[in-house]
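> First the structure, which I've put down as structure tokens, then a few questions once you've had a look.
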Amino acid sequence: MMQFNFLKRKKPFLLRTRFLLGTSGIILALTLSYGAVAIVGYLVSFDKRTYTLLRSQSNLFYSLAQWRNNKLDIHVPTDFTLNAPAFILIYNQQGEIFWRQRHIPAIENAIEKEWLKKDGLYELDTDLNTTRKLIKVSPNGSKPAQKVTDIKDKYSSLTHSVSVNHYQATKNLPQLSIVVIDTLPLDVQKTGLIWEWFGYVILGNFILVIPMLWLVTSWSLYPIESLSSKISGIEKGEREALDQNPPLKLNGLLRNLK
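When we follow the numbering used here, the leftmost residue of the sequence shown carries the number 701, and every step to the right adds one.
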């Protein structure tokens with residue numbers, strides 16, 4: 701009860717302050733709303749683009765697959781280069797590895813059996829050492845790859861995108877499940893950049909927009925504040941009457957006061 705009594709005694713906000721707080725709140729809410737929509741849209745678009753790219757790699761390796769002497773063979777041309785860095789694992793219908801691009805036990809153990817049951821895009825968490833092994837599979841000297849090389853903390857955890865695609869059995873090939881892992885972790889692919897930009901927008905609201913609102917508010921409400929101060933002066937006996945030529949928009953208010 702004492703808290704509510706304190707609030708009742710508290711001096712009400714000035715008109716300018718109330719206008720500023722209300723307008724700032726609306727602008728901040730709109731910024732957060734637009735930002736949230738933009739971030740969700742970006743992340744959804746990024747996932748779709750990533751899955752499309754990894755699936756194209758999967759289709760490419762499937763086209764190179766050959767079944768010889770009850771063994772899967774991937775015939776890779778000598779001048780063959782991937783259009784994006786990726787690590788490939790191919791499983792049979794029982795979830796056993798038919799073919800691997802390179803033997804990396806940590807990756808094979810991290811692939812969940814549930815992933816092999818359904819096409820989709822997944823995320824795989826690895827340590828720094830495993831990520832560096834992945835990058836060595838398809839080195840490209842890109843800046844993101846260099847960022848991984850520059851990481852000093854050996855206990856860093858990195859996240860990779862994983863695409864799983866299934867192919868039905870044909871007369872030339874058995875049923876296959878191809879797992880494609882993006883060797884560049886999400887942590888260095890600028891997926892966090894949009895959050896950084898969003899933070900700059902919020903900061904810009906506080907540094908630029910709110911001070912500008914304060915100036916606009918002061919200019920817009922000046923006639924009302926001037927009239928209020930003059931009325932207060934009359935009540936205190938400091939003035940005898942209001943100005944004879946008030947601002948046009950305040951004429952109605954003055955008539956009511958008289």
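Virtual Cβ for every residue (Gly too), placed ideally from N, Cα, C.
Source: prediction; values computed, not measured.
1) What are the boundary residues of the beta strand (DSSP E) that includes residue 824?
2) Alpha helix (DSSP H) containing residue 809: first to last residue?
3) Taking 8 Å as the threshold (C-beta atoms), are residue 864 and residue 877 in contact?
4) Assign residue 902 to buried or exposed, taking buried as 16 or more other Cβ atoms, counted over all protein chains shown, within 10 Å of its Cβ.
5) Decide if the segment 720-731 is in contact with the segment 823-835; the criterion is three or more beta carbon pairs, one per stretch, under 8 Å apart.
6) For residue 785, tell me which candidate among 914, 861, 896, 905 has the shortest Cα-Cα distance.
7) Which residue or residues does DSSP assign as beta-bridge partners of residue 800?
8) Rounded to the nearest angstrom, how far is the Cβ of residue 791 from that of residue 816, given a contact under 8 Å?
9) Shortest alpha-carbon distance to residue 868 belongs to which of 913, 819, 897?
10) May I ask which residues mark the beginning and end of the beta strand (DSSP E) holding residue 876?
11) Mind checking whether the beta-carbon of residue 792 lies closer than 7 Å to any heavy atom of the ligand ATP?
12) Return yes when the Cβ of residue 811 is within less than 8 Å of the Cβ of residue 801, no when it is not.
13) Go to residue 766, then tell me how far its beta strand (DSSP E) extends in each direction, as first and last residue.
14) Based on the DSSP secondary-structure assignment, which residues constitute the bridge partners of residue 858?
15) Flag this pair as yes or no: are the beta carbons of residue 881 and residue 774 separated by less than 8 Å?
16) Just tell me which of 743, 740, 772 has its CA closest to the CA of residue 875.
17) At the level of alpha carbons, what is the spacing between residue 805 and residue 906?
18) As an exercise, report each continuous alpha helix (DSSP H) stretch of at least 4 residues that is fully enclosed by the segment 726-776, in chain order.
19) Distance, Cα to Cα, residue 809 vs residue 743?
20) Since residue 864 sits in a beta bridge, which residues does DSSP pair it with?
21) Between residue 859 and residue 823, which are expected to be in contact by the criterion C-beta below 8 Å, what is the C-beta distance as a whole number of angstroms?
Straight from the coordinates:
1) Taken as a continuous stretch (DSSP letters only), the beta strand (DSSP E) holding residue 824 covers 820-827.
2) Secondary structure note for residue 809: its alpha helix (DSSP H) is the uninterrupted segment 805-810.
3) Yes; because the gap between Cβ atoms is below 8 Å, this pair is in contact.
4) Counting C-beta atoms within 10 angstroms of its own C-beta, residue 902 has fewer than 16 neighbours from the protein chains shown and is therefore classed as exposed.
5) Remark: fewer than three beta-carbon pairs, one from each stretch, lie closer than 8 Å, so the segment 720-731 and the segment 823-835 are not flagged as touching.
6) Taking only the C-alpha atoms, the option nearest residue 785 is 861.
7) Answer is 789.
8) About 6 Å separates the two Cβ atoms, so the contact holds.
9) Checked all of 913, 819, 897; the closest Cα to residue 868 is 819.
10) Here the beta strand (DSSP E) through residue 876 covers 876-882.
11) Inclusion of the ligand ATP in the displayed structure is not the case, the ligand content being empty and no account of it being possible.
12) Contact flag unset, no.
13) Counted as a single uninterrupted DSSP element, the beta strand (DSSP E) harbouring residue 766 occupies residues 765-768.
14) In the DSSP output, where bridge partners are listed per residue, residue 858 has 826.
15) In this structure, residue 881 keeps its C-beta atom at 8 Å or more from the C-beta atom of residue 774.
16) It is 772.
17) Answer to the nearest angstrom: the Cα atoms are 50 Å apart.
18) You should have found no qualifying run.
19) Their backbone Cα atoms lie some 28 Å apart in a straight line.
20) Answer is 820, 879, bridged to residue 864.
21) Their Cβ separation, rounded to whole angstroms, is 5 Å, which keeps residue 859 and residue 823 in contact under 8 Å.
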